[in-house]
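Q: In our numbering, the protein residues as written are 3 to 713. Before anything else, here's the structure in question.
In structure tokens form, the structure reads like this:
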């Protein structure tokens, strides 16, 4: 043991003739200690340049600086952009985890990308490269990763007076290191003229602090019973490759710090949805974990806890919608305490943390919009009390995602478009579906719905013109289109019911039938790869609503064919082709959902299939609705449409006819007066939107809408 250098011998002091000041800090790599002190791990006190240090003077050693400082351990570099999900399939431990690929004999020749696709692919790759470079640069310290476990951050939204700041609490600036373990106030914004404050208070330690480890242990036990047991690392790779690019709510820091137990379990559980081999067991596993979960509350001091909560909200199948509504309220409150509703553009934090904050907030906005609208519940987010803009493509692309895989190049753009669609959904909920809006006259509410329907149509045209519409193989694109087409059907149904009254039988115009036919066509064209990608868990509710609308259309349908060559068009009937006839659409939709459930274990088909089965059981005793019952069971058979050359259309493998060729548009009649409702304007052949009825007229068709398909 070396002697205390703070007590030098008297002779050394006398020879120097000056008092030695030893209040120096430990040496650093830049101003390193001498070799002897470094080996002895003692303080190297050098009172002035030139003479030996105090320790070497006491021990009569030679004070040298010959040895180089010890080499630092280099951090592991980020994964190479050439790495993709194919290496998962090549490893024996994860070969059963990859999504099913077509047999070699059925592999289609890949279509050469056009200029637009290549440009978008290059943009996404450049964004990923830029994000990787930014992480390697010298950036500010992460707020999320530097908060002490004993402190809770509370962000002040708008500071009008200093009454909100605790009295006598220490303050720190954006460049200061956090005051660990002690309550303090920190200005996180770099712009001191517009300060943004965070209050750090002592965290109250509650019971069951190891709840995340307990749930992870239960999940590992459940996965060990699967055949074969999946690898946790492979599940996380699959999540980062398929789910996170389309719904980017997880960022793994490059320093390889261990994942939070709760987040780890949610990542593995979510990844099982992308593994067709295990998809049939997810409901049982989620039920076990849900029943064993303890109400311990989320940890509000970490972004990882918000990510874990969003994964819970996005879980499939949905175990308890009411519990999800409560979880969403608590998660939004915790996110606001963390300041996720405030744009962090001027905050002194790393760029990846800014992007993650924006993505997490928009993920919560997506859930809040769809959950409140579909379940007719109040929204949790104040319309004018957040400042986060819609993420851009660079902010969505994360180094944690496998965007270098060609199949995922359109996934980030699908998330941005989903944010825009959710804004329309939130607007519908706030303007039409609230208690305040119920005081408006139907014409005023109908005008608001019409405006939202026009904006939805514009968004659909934009998506179809964009390369995202062609990138159906990218994870998340199928979910986006199903949401968009289904939401458009729901808007049209709301418009009609505001026109004719709630619960009245549908009286559709040709444009309405075309809207429903496009949604049915898209669902029927989905393949196995689409079912393996990311899906918003509200798709099941949307498909159930689509089924309900088709049922009501089918109940008012007369299937008496007109005489060929002499169309019998009356003011009470409207001609529909086999593709747009409600019975055919209902049957095609049920067949497609039955095939998705049977072959791919797609849980999002359950709600629509259950609704169809329930209605079929109610109608099967009546001979009047034999065709409707057959359509609900997917067994309705109409005469196949003829091609122009007289041949029949070839059915698809799932039994769905492809009815997109020119056909006889006078083969079926939809009885618009079957329930005693008067129809005005159908005989004029107008294909337009619904409008408010004028005095003395029941229903009016307005000007035609935009074309449904664009080149």
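No residue lacks a Cβ here, since even glycine has one placed at the ideal position from N, Cα and C.
Between which two residues does the beta strand (DSSP E) harbouring residue 187 extend?
A: 186 to 189
Q: Measuring only the C-alpha atoms, how far is residue 477 from residue 244?
A: The straight-line gap from Cα to Cα measures roughly 6 Å.
Q: Starting from residue 399, follow the beta strand (DSSP E) in both directions and report where the run begins and ends.
A: Looking at the DSSP string, residue 399 is not in any beta strand (DSSP E), and its letter there is neither H nor E.
Q: So what does DSSP say about residue 683, is it helix, strand or coil?
A: Here residue 683 scores only 32 on pLDDT, less than 50, and its place in the model is too uncertain to base an answer on.
Q: Using beta-carbon positions only, say whether residue 281 and residue 603 come within less than 8 Å of one another.
A: yes
Q: Could you pull the start and end residues of the beta strand (DSSP E) that residue 157 belongs to?
A: 153 to 157
Q: Taking the alpha carbon of residue 492 as the reference point, which residue from 594, 545, 271, 533 has its own alpha carbon closest?
A: 545
Q: Confirm, please, whether the CB-CB distance from residue 420 to residue 485 is below 8 Å.
A: In this structure, residue 485 sits near residue 420, with a CB-CB distance shorter than 8 Å.
Q: Kindly indicate which residue of 142, 199, 204, 189 has the alpha-carbon position closest to the one of residue 150.
A: 204
Q: May I ask you to list the residues that DSSP assigns as paired with residue 349?
A: Beta bridge pairing from DSSP links residue 349 with 191.
Q: Once DSSP output is grouped into helix, strand and coil, what is the label at residue 578?
A: strand
Q: Determine the extent of the beta strand (DSSP E) in which residue 204 is found, giving its start and end residues.
A: 199 to 204
Q: When you compare only the Cα positions, how much space is there between residue 325 and residue 593?
A: 32 Å
Q: At a cut of 8 Å, does the stretch 55 to 71 reach the stretch 36 to 45 through at least three beta carbon pairs?
A: yes
Q: DSSP on residue 503, reduced to helix/strand/coil?
A: coil
Q: Return yes when the Cβ of residue 608 is within less than 8 Å of the Cβ of residue 276, no when it is not.
A: no
Q: Is the distance from the Cβ of residue 520 to the Cβ of residue 494 below 8 Å?
A: no
Q: For residue 591, count the other beta carbons within 10 Å of its own beta carbon; 16 or more makes it buried, fewer makes it exposed. Which is it?
A: buried
Q: Residue 369 to residue 341, Cα distance in whole Å?
A: Spanning the two alpha carbons is a distance of roughly 18 Å.
Q: According to DSSP, is residue 66 helix, strand or coil?
A: coil
Q: When the Cα of residue 530 is compared with those of 595, 558, 514, 229, which residue comes out closest?
A: 595
Q: Under the assumption that residue 528 contacts residue 481 (Cβ atoms under 8 Å), give the Cβ distance between them as a whole number of angstroms.
A: 10 Å between Cβ atoms; not a contact.
Q: Could you check whether residue 541 and residue 588 sit closer than 8 Å to each other, using their CB atoms as the reference points?
A: no
Q: Compare the beta carbon distance of residue 2 and residue 269 with 8 Å and say whether it is the shorter of the two.
A: The requested residue 2 is not part of the displayed model; the chain covers only 3 to 713.
Q: Within the same chain, show all residues whose beta-carbon is closer than 7 Å to that of residue 398, passing over the 5 residues directly before and after it, in chain order.
A: 250, 361, 414, 417, 418
Q: Compare the Cα-Cα distances from residue 1 to each of 267, 322, 307 and report the closest residue.
A: The first residue shown for the chain is 3 and the last is 713, placing residue 1 beyond what the model contains.
Q: How would you write the range of the alpha helix (DSSP H) that residue 542 sits in, first residue to last?
A: 541 to 557
Q: Could you give the residue range of the alpha helix (DSSP H) that holds residue 530?
A: Here the alpha helix (DSSP H) through residue 530 covers 530 to 533.
Q: Identify every run of the alpha helix (DSSP H) within the stretch 230 to 308, keeping only runs that are complete inside it and at least 4 residues long; order them along the chain.
A: With a minimum length of 4 residues, the unbroken runs of alpha helix (DSSP H) contained wholly in the stretch 230 to 308 fall at 234 to 240, 263 to 273, 284 to 294.
Q: Measuring only the C-alpha atoms, how far is residue 583 from residue 488?
A: 18 Å
Q: By how many angstroms is the C-alpha of residue 597 removed from the C-alpha of residue 612?
A: Going by C-alpha positions, residue 612 is about 14 Å away from residue 597.
Q: At the level of alpha carbons, what is the spacing between residue 311 and residue 453?
A: 34 Å
Q: Kindly indicate the opening and closing residues of the alpha helix (DSSP H) around residue 451.
A: 444 to 467
Q: Please list, in chain order, all residues of the same chain as residue 196 whose beta carbon is under 8 Å from its beta carbon, the five residues on each side excluded.
A: 348
Q: Drop a sphere of 10 angstroms on the beta-carbon of residue 581, count the other beta-carbons inside from all chains shown, and report buried for 16 or more, exposed for fewer.
A: buried
Q: Closer than 6 Å by C-beta to residue 371: which residues in its own chain qualify, once you throw out the five before and the five after it? Chain order, please.
A: 424, 427, 428
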